[in-house]
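Student: Here it is, the structure, as structure tokens.
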Amino acid sequence: MLRLSTIALLLAGLGACAVEGGGYDGDVGVGLGVGYVGDYYEPGGYDYGGWGPGYRVGPPRCCGHGSGGRGRPAPSIPSHARSGGGHGGGGHGGGEHGGGGGHR
Amino acid sequence: MNKYLAGTLCTLALLSTGIVTGAPAAGIELPPLSEPASSETHPGKVIWADLVTPDLGKAKDFYGGLFGWSFQQAEGDKNFAVALLDGRPVAGLLQRPLAADRKHQTAWLTFIAVRDVAAAERSVKANGGKVLSAPKDYPMRGRQAVFADPDGAVFAVLASSSGDPPDMLADPGEWIWSSVLVKNPDREAGFYRALFGYEVFDQDSDDTSRHVILASDDYARAGLHSLPDGSAHRHPHWLNFVRVEDVGAAVAKAVKLGGKILVDPRLDRQGGQLAVVADPSGAPVGLMEWTDTEDESGASGAMTPGTPQVPGASPPATGTPPAGSP
Numbered sequence: 000m001l002r003l004s005t006i007a008l009l010l011a012g013l014g015a016c017a018v019e020g021g022g023y024d025g026d027v028g029v030g031l032g033v034g035y036v037g038d039y040y041e042p043g044g045y046d047y048g049g050w051g052p053g054y055r056v057g058p059p060r061c062c063g064h065g066s067g068g069r070g071r072p073a074p075s076i077p078s079h080a081r082s083g084g085g086h087g088g089g090g091h092g093g094g095e096h097g098g099g100g101g102h103r
Numbered sequence: 000m001n002k003y004l005a006g007t008l009c010t011l012a013l014l015s016t017g018i019v020t021g022a023p024a025a026g027i028e029l030p031p032l033s034e035p036a037s038s039e040t041h042p043g044k045v046i047w048a049d050l051v052t053p054d055l056g057k058a059k060d061f062y063g064g065l066f067g068w069s070f071q072q073a074e075g076d077k078n079f080a081v082a083l084l085d086g087r088p089v090a091g092l093l094q095r096p097l098a099a100d101r102k103h104q105t106a107w108l109t110f111i112a113v114r115d116v117a118a119a120e121r122s123v124k125a126n127g128g129k130v131l132s133a134p135k136d137y138p139m140r141g142r143q144a145v146f147a148d149p150d151g152a153v154f155a156v157l158a159s160s161s162g163d164p165p166d167m168l169a170d171p172g173e174w175i176w177s178s179v180l181v182k183n184p185d186r187e188a189g190f191y192r193a194l195f196g197y198e199v200f201d202q203d204s205d206d207t208s209r210h211v212i213l214a215s216d217d218y219a220r221a222g223l224h225s226l227p228d229g230s231a232h233r234h235p236h237w238l239n240f241v242r243v244e245d246v247g248a249a250v251a252k253a254v255k256l257g258g259k260i261l262v263d264p265r266l267d268r269q270g271g272q273l274a275v276v277a278d279p280s281g282a283p284v285g286l287m288e289w290t291d292t293e294d295e296s297g298a299s300g301a302m303t304p305g306t307p308q309v310p311g312a313s314p315p316a317t318g319t320p321p322a323g324s325p
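Taken in order, these protein sequences are the chains called A and B.
For the first sequence, numbering that gives the first Met the number 0 puts the final residue at 103, and the numbers step up evenly by one.
For the second sequence, numbering that gives the first Met the number 0 puts the final residue at 325, and the numbers step up evenly by one.
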């Protein structure tokens, strides 16, 4: 009997959570509810048609050495190679850090 | 049931199951982002990506064959694999069932660095976004949460407990660039500026679309683009690019491995080719060349000067510094 009441309390509590919100919103993704924070599938509707010749999504190759102030060009991505090979391209005024592996 | 009682029952239920916001998440053990740990923090930088897929085996074959990734099963979940490049963790792949209703699709989830996940959550709520997954702690990894921006594009934030990876040029096989495709670029730029403290650079455009660069630490971190004309029904989303040496060859290999071409190879702003393919489960992934020299055809930053702007952006509604700020 005690066990049944515990289960009932648990179910009621979970139901209350659903009513009160929280978790994923069906409009923007589907939470799979298995515990990991990234568990979701995106809504359908991805369509890559319509990328005309002028539709550019890549990063800029900046010639600027950023020193702040308005009117300067957009900076580029980091240019310092992990191997220390000194890739050109995004010339940059910001400090580039050495160190261990990881991501860009 | 009144609201108070409902809340109490909810709390009791969550306590009984161990699912409490902010509590360490049991189960998956993820590798640290930086090893050895560092004190570097780069708010606004894309530092990780997870793929949720219905077939982990197929995903491993595809990405392993395309980018040279190897895989290691994560501790605590046999359906979670960590992708490695030269021994460095580069991505997570998670197998979960996908309903056959065609209403949803697989996708890569983009993780962006913050210093304070709680502050990020407040900024998201204050500026029109939604919290999809409340902050959780993961041993060795840090604290992360999943949000949707005002247009509905889904992304995650991560406060890495081992520091953020250093700013270096991605090697082939690593993530090199990210874009977010949206319906309302002005509002979206304001949202991300408030959240990550980005500088926003407007880019000249050869079409009617709006293109801006989001930058932090004086580095370009992502591009924000209005969805192409005629795509009002399309869903806003983040798209990540992996550096490859030859986009044409990579696209051919992707098709051979069961992928599909979404955007054919094309010369782009960075002076090299890029393309978008879908993996065998349909998740889009970008392929991008980054060469050592400027392209002389003019498809480089020289033709796209930008001016720092905050298009249509209102100041952070919270009146507080962005989540990435110290």
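Beta carbons: idealized from backbone N, C-alpha and C, even for Gly.
Can you tell me whether DSSP reads B:Val-250 as helix, strand or coil?
Tutor: Helix.
Student: Please classify B:Glu-198: does DSSP put it in a helix, a strand, or coil?
Tutor: It is a strand residue.
Student: Note down, in chain order, every chain A residue with its Cβ under 7 Å from the Cβ of B:Leu-261.
Tutor: Within 7 Å Cβ-Cβ: Tyr-47.
Student: Establish whether the CB of B:Pro-184 and some CB of chain A are separated by less than 8 Å.
Tutor: False, the Cβ-Cβ gap to chain A never drops below 8 Å.
Student: B:Ala-298 to B:His-210, Cα distance in whole Å?
Tutor: Low local confidence applies: a pLDDT of 41 at B:Ala-298 is under 50, so the model's placement there is unreliable, and no value is given.
Student: Assign B:Gly-43 to buried or exposed, taking buried as 16 or more other Cβ atoms, counted over all protein chains shown, within 10 Å of its Cβ.
Tutor: Classification of B:Gly-43: buried, given that the 10 Å Cβ count is 16 or more.
Student: What does B:Gln-72 reach in chain A if we use C-beta pairs closer than 7 Å?
Tutor: Ordered by position in chain A, no residue passes the 7 Å Cβ test against B:Gln-72, which lies about 14 Å from the chain.
Student: Where B:Val-246 and B:Gly-271 are concerned, what is the direct C-alpha to C-alpha distance, given to the nearest angstrom?
Tutor: Approximately 9 Å, taken between the alpha carbons.
Student: So what does DSSP say about B:Lys-124, is it helix, strand or coil?
Tutor: Residue state, collapsed to three classes: helix.
Student: For B:Ala-340, go through chain A and note every residue whose CB falls closer than 7 Å to its CB, in chain order.
Tutor: The question about residue 340 of chain B has no answer here: the residues shown for chain B are numbered 0 through 325.
Student: Can you confirm whether the segment 52-59 of chain B touches the segment 160-179 of chain B when touching is taken to mean that 3 or more C-beta pairs between the two stretches lie within less than 8 Å?
Tutor: Flag = no, the segment 160-179 of chain B and the segment 52-59 of chain B do not touch.
Student: Taking all protein chains shown into account, do 16 or more other C-beta atoms lie within 10 angstroms of the C-beta of B:Gln-104, making it buried, or fewer, making it exposed?
Tutor: By the 10 Å Cβ count, B:Gln-104 comes out buried.
Student: B:Ala-369 to B:Ala-144, Cα distance in whole Å?
Tutor: What the structure shows of chain B is the stretch from 0 to 325, and residue 369 of chain B is not part of that stretch, so it cannot be assessed.
Student: Would you call B:Glu-187 buried or exposed, if buried means 16 or more other Cβ atoms sit within 10 Å of its Cβ?
Tutor: The residue is buried, with at least 16 neighbouring Cβ atoms inside 10 Å.
Student: Just checking: is the beta-carbon of B:Ala-214 within a distance shorter than 8 Å of some beta-carbon in chain A?
Tutor: B:Ala-214 counts as touching chain A.
Student: Do the segment 243-260 of chain B and the segment 271-280 of chain B make contact, defined as three or more Cβ pairs closer than 8 Å?
Tutor: At 8 Å Cβ cutoff, the stretches touch.
Student: Are B:Ile-46 and B:Ala-118 close, meaning C-beta to C-beta below 8 Å?
Tutor: No, they are not a contact pair.
Student: How many whole angstroms separate the CB atoms of A:Tyr-47 and B:Val-123, which I take to be in contact at a CB cut-off of 8 Å?
Tutor: With a Cβ gap of about 27 Å, A:Tyr-47 and B:Val-123 do not count as contacting.
Student: When burial is assigned at 16 or more other CB atoms within 10 Å of the CB, is B:Ser-38 buried or exposed?
Tutor: Exposed is the call here.
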